[in-house]
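Quick note, the sequences are listed as chains A and B, same order. Quick note: the first sequence uses my numbering, first residue 1, plus one each step. Quick note: the second sequence uses my numbering, first residue 1001, plus one each step. We put the CB at the ideal spot given by N, CA and C, even for glycine. Have a look at the structure below, then the notes.
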Amino acid sequence: MTKHTIVALVEDKPGVLNHMASLFRRRGFNIESIAVGHSEVPHLSRMTLVVNGATTMVEQVRKQLDKLVDVVKVSDITGDKVIARELALIKVKATSSTRSEIMQIVDIFRANIVDVAPHSVTIEVTGDEEKINSLFNLLRSFGIKEIARTGRIAMTRGGSSPLLVEKKPPKSREKR
Amino acid sequence: MKMTGAQMICESLVREGVEVIFGILGGAILPLYDTLPQYPQLRHILVRHEQGAAHAADGYARATGKVGVCFATSGPGATNLVTGIANACLDSVPIVAITGQVARPFIGKDAFQEVDITGITLPITKHNYLVLDAASIPKIVKEAFYLARSGRPGPVLIDLPRDVQIEQAEFHYPSKVDLSRYKPTLQGHPVQIKKAAELINEAQRPVIIAGRGVTISGAYAELKELVEKAQVPVVTTLLGISCFPESHVLSYGMIGMHGMAYANLAVDAADLIIAIGMRFDDRATAKVSAFAPHAHIIHIDIDPAEIGKNVRVDIPIVGDVKAVFQELNKLIVSAKHIDWIRQLDGWRKEHPSTVIRDSEGLLPQYVVRQIYEVTKGEAIIVTGVGQNQMWAAQHYWYDKPNSFISSGGLGTMGFGLPAAIGAKVGCPESTVWCIDGDGGFQMTIQELATIVQEKVAVKIAILHNGYLGMVRQWQELFYEKRYVATPLSGPDYVKVAEAYGIPALRVKHNEEVVPAIEKAMAEPGPFLIDFVVEPEENVYPMVPPGAALAEVLEAPRKEKEALSDSAKLPVSNI
């Protein structure tokens, strides 16, 4: 069982996300997180999936996604050199005595305090999963009130892109 | 040119070469139906349940190779199509289903006869569309047909709101489909093909497993060429039946749960499996971990997602079967596998899986065999599901390409009669026999009315044993004969047929069988025969659930003097 990162370009149409989620459910794929938003191509959304499973299962995830007409391109970038980031908002209990310690931890993690209330503080942090998990663990002892995470987005390093969409429509080889 | 949405649909269907539509109308699709008379090229066949429409479109598509079309109204009409759509999906059959939908302002408001049919059919269609403006109709229809018939065929649904059917817009039929991201791979990769050829040329005990992909691709000649050049024995899956002539010397029948013992033994002993247009379904492979334990596996299929899904594959080749074979055959050298074939022929003699035992009582296997004899193996056989399906697969020899139509993946009882209607409408010159059980037949019995209204000359054989036979067999073999909910009553089928206006006969004895079948064949129109058969007959051979393919249970061999079919058994001429 390993964590795989899959990126996909999909049509920006209502129902596509539903279709994909439905596919995962029925085939029993273990999806840890899905992050989706606009891509560099108009009318196409970019989706980043974190899938936990055996390599054969992940290969099926990729292939079954590829079959969906609304999925333009799918790529498993787990092996590649990848930049992976996630954003989290963490609401932590804070009293006047604990607040400064919390602020120190926030500084160390280069995170930001984005809200202050009489008994709590809301922290915004960006980074890879490990960083967010460590911050979360350190803040636990203070009492976590709420946490919202975006899930991983990822991009390969270097100039190329596995999701490059051809600008010209290809010559049709379809005879039937 | 300005047209209504309804006219655009009809115009687009005509341009896609549609000639027949099976359906039932309703309020939400009335504007479309009202437009049909303007297009006399489109023949509409009114069925009696939308499930029948979907299965008829399916049977039509399988028999003709064209895209089948069915219509239904919104709500219950659409949901009644679901079984038929799922059936087409699992067996890769190209159909386009057009459903009426409530007007756009009512969508999502639990309106009268509203249902989210696009949501419901998402997992069982290749793709589907909710049409939100009339101007997009031509593009959608063109895409729908393209998707249905290309790559791995499958069902596509178009949901058409009532007000869109009435809306007017400019009609432009696109000359090309703009689906740049959907590119089925047709040509196999040359490196893979070369590797496969090497394995084939070196193999000592090769076996070809041919599936429905061969039929879809029309690769009959190419398969035969490979088989004869390299002298490779051929077995088929259930859905592969009739893609290779069964009377051919190198044909060893069907594999799987109820396949021939010798076919299963061949797969088990092979050192090379060439799997063509099949998907290693669990009915065909039995216990996957014990499947072909000594063999390398070459898998040729147009759907990359099937490769490696169930079984580890050594040489995957993604592509259209015919196109791959055209390249592969160039690299195959002539070979003989005398010892291997001798071994297979030996197994065929030791395990005669298609021998029918002697019996005073009427045996369903005997009925199927006589249908084969009287039709001279030239009919199109459409089956139900269950024991009747297995006997039809085993005791009729299919030499004509694409002459066996059966619900394999979904195994839908009730498929037989409406699919036979579709097949006959599509191939009016062919004799079409529906071989069904009394259980499945009752599920779509209402389509007898369609046969009469549309004058469809389907011949119907009911293997009537008063049970849900296949389940009863399981209860006998694995549930200590506790026949829970399997004894099944039914009407007097002869009276029912006659009530519908169809001539019919009842047969209870061996000597009545051939005359009845001949009478049915002599009748120009439809005919029904109620064959009252031995009630507790079992389908053999059988690979019990959980067992490996080689662990075949054969018929108890008490009666050695059998209605032998040794005259029909092909003997090797090496």
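Applying a beta-carbon distance threshold of less than 7 Å, which residues of chain B neighbour residue i?
i        : result
A/Lys-67 : Ala-1305
A/Gln-64 : Ala-1305
Name the chain A residues that come within less than 9 Å of residue i, Cβ to Cβ?
i          : result
B/Arg-1181 : Leu-9, Glu-11, Val-69, Asp-70, Val-71, Val-72, Lys-73 and Val-165
Report the residue from the options whose alpha carbon sits nearest the alpha carbon of residue i.
i          : options                                           : result
B/Ala-1275 : B/Ala-1261, B/Asp-1301, B/Gly-1259 and B/Tyr-1262 : B/Asp-1301
B/Gln-1165 : B/Val-1207, B/Val-1324 and B/Met-1003             : B/Met-1003
B/Phe-1145 : B/Met-1443, B/Tyr-1366 and B/Val-1018             : B/Val-1018
A/Gly-127  : A/Ile-144, A/Ala-117 and A/Ala-154                : A/Ala-154
B/Val-1552 : B/Ser-1353, B/Arg-1472 and B/Arg-1369             : B/Ser-1353
B/Ile-1098 : B/Lys-1195, B/Val-1069 and B/Arg-1015             : B/Val-1069
B/Gly-1440 : B/Gln-1326, B/Leu-1468, B/Val-1425 and B/Ala-1457 : B/Leu-1468
B/Phe-1291 : B/Leu-1025, B/Ile-1021, B/Ile-1029 and B/Ala-1547 : B/Ala-1547
B/Val-1507 : B/Pro-1524, B/Val-1532 and B/Pro-1487             : B/Val-1532
B/Cys-1010 : B/His-1299, B/Leu-1032, B/Cys-1089 and B/Leu-1199 : B/Leu-1032
B/Val-1311 : B/Ile-1517, B/Ala-1057, B/Ala-1197 and B/Phe-1280 : B/Phe-1280
B/Leu-1090 : B/Thr-1118, B/Gly-1100 and B/Asp-1058             : B/Asp-1058
B/Asp-1268 : B/Ile-1297, B/Tyr-1398, B/Ser-1242 and B/Glu-1202 : B/Ile-1297
Output the boundary residues of the alpha helix (DSSP H) element that contains residue i.
i          : result
A/Phe-136  : 129-140
B/Asn-1080 : 1076-1090
B/Val-1425 : 1416-1426
A/His-19   : 16-27
A/Lys-145  : Not the alpha helix (DSSP H): A/Lys-145 falls in the beta strand (DSSP E), residues 144-149.
B/Ser-1217 : 1212-1217
Report yes if the C-beta distance between residue i and residue j is below 8 Å; otherwise report no.
i          : j          : result
B/Glu-1050 : B/Gly-1075 : no
B/Tyr-1173 : B/Ser-1012 : yes
B/Val-1232 : B/Ile-1209 : no
B/Val-1458 : B/Tyr-1500 : no
B/Gly-1466 : B/Phe-1022 : no
B/Asp-1271 : B/Gln-1343 : no
B/Ala-1054 : B/Leu-1025 : no
B/Gly-1277 : B/Gly-1211 : yes
B/Tyr-1396 : B/Ile-1371 : yes
B/Val-1156 : B/Ala-1148 : yes
B/Pro-1184 : B/Pro-1094 : no
A/Gly-28   : A/Val-92   : no
B/Ala-1379 : B/Ser-1403 : yes
B/Thr-1444 : B/Pro-1418 : yes
In the structure shown, what three-state DSSP assignment does residue i receive?
i          : result
A/Val-72   : strand
B/Arg-1348 : helix
B/Pro-1541 : coil
B/Lys-1322 : helix
A/His-237  : With chain A covering 1 to 176 only, the question about residue 237 of chain A has no answer from this structure.
B/Asp-1301 : strand
A/Met-103  : helix
B/Val-1014 : helix
B/Met-1003 : strand
A/Asp-12   : coil
A/Asn-52   : strand
B/Glu-1559 : Note that B/Glu-1559 has pLDDT 44, beneath the 50 cutoff, so the model's placement of it is unreliable and the number below is only indicative. Coil, per DSSP.
A/Lys-81   : coil
B/Gln-1051 : helix
A/Pro-169  : In this prediction, A/Pro-169 has a pLDDT of 49, which is less than 50 and means its spatial position is unreliable; nothing more can be read from the coordinates.
A/Thr-2    : strand
B/Phe-1531 : strand
B/Gly-1059 : helix
A/Ser-160  : coil
B/Thr-1354 : coil
B/Gly-1437 : strand
B/Glu-1234 : The question names Glu, but residue 1234 of chain B is Val in the sequence shown. Looking at B/Val-1234 - three-state DSSP - the assignment turns out to be strand.
For residue i, return the contacting residues in chain A, with the cut-off set at a CB-CB distance below 7 Å.
i          : result
B/Lys-1309 : Gln-60
B/His-1127 : Val-69
B/Leu-1132 : Per Cβ cutoff of 7 Å: no residues; B/Leu-1132 is ~10 Å from chain A at best.
What is the residue span of the beta strand (DSSP E) that residue i lies within?
i          : result
B/Ala-1593 : In the structure as shown, chain B starts at 1001 and stops at 1574, and residue 1593 of chain B therefore has no counterpart that could be examined.
B/His-1294 : Per DSSP, B/His-1294 belongs to no beta strand (DSSP E) and is neither H nor E.
B/Gln-1101 : 1095-1101
B/Leu-1132 : Run containing B/Leu-1132: none; DSSP gives neither H nor E here.
B/Leu-1272 : 1272-1276
B/Pro-1491 : Here B/Pro-1491 belongs to no beta strand (DSSP E), and DSSP marks it neither H nor E.
B/Pro-1155 : 1155-1161
B/Val-1288 : Taken as a continuous stretch (DSSP letters only), B/Val-1288 belongs to no beta strand (DSSP E), as it is neither H nor E.
Kindly say whether residue i, judged by its beta-carbon, lies nearer than 8 Å to any beta-carbon of chain E.
i        : result
A/Ser-22 : The structure shown contains no chain E; its protein chains are A and B.
Just to make sure I have the definition right: I need the residues of chain A whose C-beta is within less than 8 Å of the C-beta of residue i. Which are they?
i          : result
B/Pro-1123 : Ser-22, Leu-23 and Arg-26
Please compile the residues from chain B whose C-beta is within a distance smaller than 8 Å of the C-beta of residue i.
i        : result
A/Thr-56 : Gly-1308
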